[in-house]
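Worksheet: the structure to be examined is printed underneath.
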Amino acid sequence: MKPEKTLRGLALLAALLGAGLAQAAGQSVTALMDDSVDVYDARADYFVRSGSLARRDIALPAPVLEASPRGYVRVALPGREVWLDSMDVTLYPAKDSGSSGCTATSKGSQGYVSRGAGEGCR
Amino acid sequence: MTRLSLLGLALAGLCGCAQVQLPALPLGKPPVDPNKPLYDAYFQGPAANRDNIARFTQDSLQLQKKALGVAPDAQIDDYLNGVLARLQRGLPGTPPAARVYATPNTEFSGASYQDGGIYIPYKVLETLESEDELAALIGHEYAHVALGHYATNWINTASTLAYSAGNLYINDKLKTATEKNLVGMVLANNAALNVSQIGLVPALTRDQEEQADRLGSDLLIRAGYSYVGMMNFMSRMQDWDARNQAINEQRRVNYIDLFANRKDNLLANAIDTQIDGLENQLAGLLRKAARNHDEGRDRSKMLRDYLKQHYAGAERPALNQAGYAAVLKSAHAQAFFGGLDQAHAALAALQGNERAQALAGASAASKGPAASVPLVRHALINAMALNGKPRDALQMLEGDVAGGDALFADNLLLLGVLKQHSPQQALALAQRSYDRYDGSPELLPELILLNKQMNNQLGVMKFYGLCASKAMVGANNGLLQSCNKAKG
Chain P
1 MKPEKTLRGL ALLAALLGAG LAQAAGQSVT ALMDDSVDVY DARADYFVRS GSLARRDIAL
61 PAPVLEASPR GYVRVALPGR EVWLDSMDVT LYPAKDSGSS GCTATSKGSQ GYVSRGAGEG
121 CR
Chain B
1 MTRLSLLGLA LAGLCGCAQV QLPALPLGKP PVDPNKPLYD AYFQGPAANR DNIARFTQDS
61 LQLQKKALGV APDAQIDDYL NGVLARLQRG LPGTPPAARV YATPNTEFSG ASYQDGGIYI
121 PYKVLETLES EDELAALIGH EYAHVALGHY ATNWINTAST LAYSAGNLYI NDKLKTATEK
181 NLVGMVLANN AALNVSQIGL VPALTRDQEE QADRLGSDLL IRAGYSYVGM MNFMSRMQDW
241 DARNQAINEQ RRVNYIDLFA NRKDNLLANA IDTQIDGLEN QLAGLLRKAA RNHDEGRDRS
301 KMLRDYLKQH YAGAERPALN QAGYAAVLKS AHAQAFFGGL DQAHAALAAL QGNERAQALA
361 GASAASKGPA ASVPLVRHAL INAMALNGKP RDALQMLEGD VAGGDALFAD NLLLLGVLKQ
421 HSPQQALALA QRSYDRYDGS PELLPELILL NKQMNNQLGV MKFYGLCASK AMVGANNGLL
481 QSCNKAKG
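Chains P and B, in that order, give the protein sequences.
First residue of the first sequence? That's 1 in my numbering, and the numbers climb one at a time after it.
First residue of the second sequence? That's 1 in my numbering, and the numbers climb one at a time after it.
Printed below as a string of structure tokens:
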């Protein structure tokens with residue numbers, strides 16, 4: 001195999017792995033807030049409602065492929081992709097809630113430590 | 001109208017106060033029309049496009065210093081208050097004055113006080129991702145200020161008990177001052193400082209929290225931010241309450257553990273009175289905080305319904321992620337937040353008696369942009385004191401306390417040191433700290449004792465009288481016992 005082909009192959013592999021990881025670390029639509037949900041078309045810098053879907057027509061969980069800074073999410077449904085309003089759906093996992101960092105723990109009190117407190121101080 | 005009131009009005013007109021036009025906030029609860037945004041129930045008239053950023057908010061700032069203090073940084077402060085100003089400009093008239101501060105607290109929360117002080121932990125700033133989310137948090141806290149929500153905050157009670165017990169412990173140990181006892185002094189002060197943070201939890205009602213969510217959203221949208229920022233913020237909050245409970249529970253346990261396994265019965269009895277009272281107070285505070293905060297999920301649903309009802313057709317701009325990142329994800333901000341992390345780690349290392357590690361961490365933090373943050377300086381002073389550099393530590397401590405920026409715990413540390421060698425200076429410091437910290441009761445036993453040492457009977461009686469009345473008002477037997485002991 002020629003060196004440039006090898007490099008291209010490695011780059012493609014890396015990109016595929018990266019995409020897979022991005023999706024694994026991303027959110028999914030796990031529930032709808034109502035019995036039906038509006039779907040939208042993306043324009044240059046805005047979204048327009050293009051129709052609606054009944055709950056039964058959406059297979060959940062639906063992985064989020066893209067999140068718009070305007071609050072819409074692109075999801076894959078069987079045979080097509082649609083934009084939904086993030087206000088109309090439940091996304092999982094919730095937004096990253098950050099790390100509380102280091103909380104000192106006194107000797108012998110480890111039993112009291114629960115999530116969020118006593119994370120590593122080093 | 002009485003003559004006095006007329007005179008007051010005339011003076012107000014002469015001094016220009018009458019020109020300040022505050023938003024018309026009706027006294028009492030106005031009727032809320034469920035078909036209108038909450039904003040309409042409280043404010044009339046078009047946006048005045050005015051902002052009102054307070055230069056400082058003395059009362060609540062002093063309260064913060066009784067715990068972990070604030071984390072000033074010019075770039076971050078300008079940005080935070082720029083967001084507040086933009087929110088204020090949506091109100092009619094002159095908006096209530098307020099100011100936003102970053103704090104070195106590791107909790108995920110926000111807090112506001114009657115004087116307009118709004119306090120946001122650095123961990124929150126590190127986590128959010130858009131200016132709209134930040135505006136949602138500031139809008140929520142500013143809504144509490146604008147609506148006049150106010151709850152007696154508990155810090156005075158909590159910290160009085162915490163520092164008093166710590167002081168009893170310190171005073172007893174100082175009778176035989178050794179390096180080992182300095183460790184105890186440092187640990188007691190640090191634990192009191194952290195446990196006092198629990199007392200800063202504003203005990204607002206659930207109804208008030210919901211109102212602040214709604215009015216905060218109104219202000220957010222009127223300022224041209226995206227309400228998606230509010231929903232993103234709520235999404236993050238789903239996890240926060242449980243974490244905050246865990247952090248505060250750990251602070252409480254750390255404090256209580258300090259006094260566990262005591263051998264000295266006399267001291268144990270004296271401290272137990274304080275500790276029992278403190279444990280009850282803290283448990284009550286933690287329960288109350290949990291009760292009054294809905295799960296983020298419930299609040300999200302309530303807000304979604306509100307936004308759908310009133311703002312379904314509102315313009316939805318793109319979240320301003322770039323503006324937020326430029327300031328709060330910048331290399332400068334990362335170094336600043338990193339310095340605060342190092343200070344916390346240094347204090348934790350001290351608690352584990354890993355002194356060299358503590359000094360290394362505190363020194364590193366003191367070389368970065370967080371160098372002037374009082375908690376960072378506190379960590380360095382403590383680490384130097386316990387690493388064979390007591391002179392350097394004392395020099396820094398004296399400078400910081402004299403400058404007025406030091407944490408309350410540092411005032412007490414210096415007081416503890418001065419008491420051994422220079423009671424006159426100690427008395428002057430105790431008096432200054434008492435005035436600066438709004439008559440902090442935990443200083444009263446010190447003031448009685450030091451006045452007694454200086455043969456000032458008038459001073460002894462004055463502060464004993466104050467102690468007795470404060471102890472009665474606060475039903476604080478421990479404080480009274482301490483003052484009795486000091487008076488002899």
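Each residue gets a CB set at the ideal place from its N, CA and C atoms; glycine is no exception.
Cβ of residue i less than 8 Å from any chain B Cβ?
i	result
GLY98 of chain P	yes
PRO69 of chain P	yes
Report yes or no: is there a C-beta of chain P within less than 8 Å of the C-beta of residue i?
i	result
TYR437 of chain B	no
ARG524 of chain B	Residue 524 of chain B lies beyond the range of chain B shown here (1 to 488); nothing can be said about it.
ARG262 of chain B	Low confidence applies to ARG262 of chain B: its pLDDT is 49, below 50, so where it sits in the model is not reliable, and the reading given next is rough at best. Cβ-Cβ to chain P under 8 Å: no for ARG262 of chain B.
ALA319 of chain B	The sequence as given places Leu at residue 319 of chain B; Ala does not occur at that position. Taking Cβ atoms only, chain P reaches closer than 8 Å to LEU319 of chain B, which makes this a yes.
ARG99 of chain B	no
ARG316 of chain B	yes
ARG304 of chain B	yes
PHE108 of chain B	yes
LEU174 of chain B	Confidence at LEU174 of chain B is low in this model, with a pLDDT of 45, below 50, so the placement of that residue should be treated as unreliable; the coordinate-derived value is given next. No, because no Cβ of chain P sits closer than 8 Å to the Cβ of LEU174 of chain B.
Regarding residue i and the ligand MN, is the C-beta to nearest heavy atom distance less than 7 Å?
i	result
MET231 of chain B	Among the components of this structure there are no ligands whatsoever, and the ligand MN is therefore not found.
Compute the Euclidean distance between the alpha carbons of residue i and residue j, then round it to the nearest angstrom.
i	j	result
GLY51 of chain P	TYR40 of chain P	7 Å
GLN321 of chain B	SER130 of chain B	4 Å
MET454 of chain B	LYS329 of chain B	54 Å
VAL417 of chain B	LEU137 of chain B	41 Å
LEU450 of chain B	LEU38 of chain B	55 Å
ALA471 of chain B	LYS487 of chain B	15 Å
ARG222 of chain B	LEU87 of chain B	8 Å
ARG355 of chain B	SER469 of chain B	42 Å
LEU303 of chain B	ARG214 of chain B	7 Å
LEU427 of chain B	LEU447 of chain B	7 Å
ALA44 of chain P	ASN189 of chain B	58 Å
LEU80 of chain B	ALA54 of chain B	13 Å
ASP73 of chain B	ASP405 of chain B	14 Å
GLN457 of chain B	PRO445 of chain B	14 Å
GLY116 of chain B	GLU209 of chain B	16 Å
HIS429 of chain B	PHE463 of chain B	The amino acid at residue 429 of chain B is misidentified as His; the sequence shows Leu. Taking the straight line from one Cα to the other gives about 15 Å.
GLN19 of chain B	PRO92 of chain B	Any answer about GLN19 of chain B is weak, because its pLDDT of 38 lies below 50 and its placement is not dependable; what the coordinates show is given next. Looking at the two C-alpha atoms, the distance is approximately 14 Å.
PRO46 of chain B	GLY82 of chain B	21 Å
LEU443 of chain B	TYR434 of chain B	6 Å
ASP38 of chain P	TYR42 of chain B	34 Å
Helix, strand or coil for residue i per DSSP?
i	result
GLU81 of chain P	strand
ILE490 of chain B	Outside the displayed range of chain B (1 to 488) lies residue 490 of chain B, so it cannot be described from this structure.
LYS175 of chain B	Residue confidence for LYS175 of chain B is low, a pLDDT of 46 falling below 50, so the modelled location carries little weight; the figure read from the coordinates is stated next. In the structure shown, LYS175 of chain B sits in coil (DSSP, three-state: anything other than H, G, I, E or B).
GLY139 of chain B	helix
ARG316 of chain B	coil
PHE463 of chain B	helix
PHE47 of chain P	strand
ARG50 of chain B	coil
VAL228 of chain B	helix
ALA346 of chain B	helix
PRO63 of chain P	strand
LEU147 of chain B	coil
SER330 of chain B	coil
ASP241 of chain B	helix
Return the Cβ separation of residue i and residue j in integer angstroms, given the expectation that the two are a contact with Cβ distance under 8 Å.
i	j	result
THR103 of chain B	ALA71 of chain B	6 Å
LEU340 of chain B	VAL373 of chain B	7 Å
ALA94 of chain P	ARG236 of chain B	7 Å
TYR72 of chain P	GLN27 of chain P	Not really, about 13 Å apart at Cβ, beyond 8 Å.
Next on the checklist: Along the stretch 223-243 of chain B, where does the CB come closer than 7 Å to a CB of chain P? Name the residues.
Outcome noted: Contact residues of the stretch 223-243 of chain B toward chain P are SER226, VAL228, MET231, ASN232, SER235, ARG236, GLN238, ASP239, TRP240, ALA242 and ARG243 (C-beta to C-beta distance below 7 Å).
Next on the checklist: Can you pull out the residues from the stretch 121-134 of chain B whose beta carbon lies closer than 7 Å to at least one beta carbon of chain P?
Outcome noted: Residues passing the 7 Å Cβ filter: LYS123, GLU126 and THR127.
Item to check | chain B contacts made by the stretch 38-66 of chain P, where a contact means CB separation under 7 Å | outcome: So nothing in the stretch comes that close.
Item to check | Residues within the stretch 73-94 of chain P neighbouring chain B, beta-carbon criterion of under 8 Å | outcome: Answer in chain order: SER86, MET87, LEU91 and ALA94.
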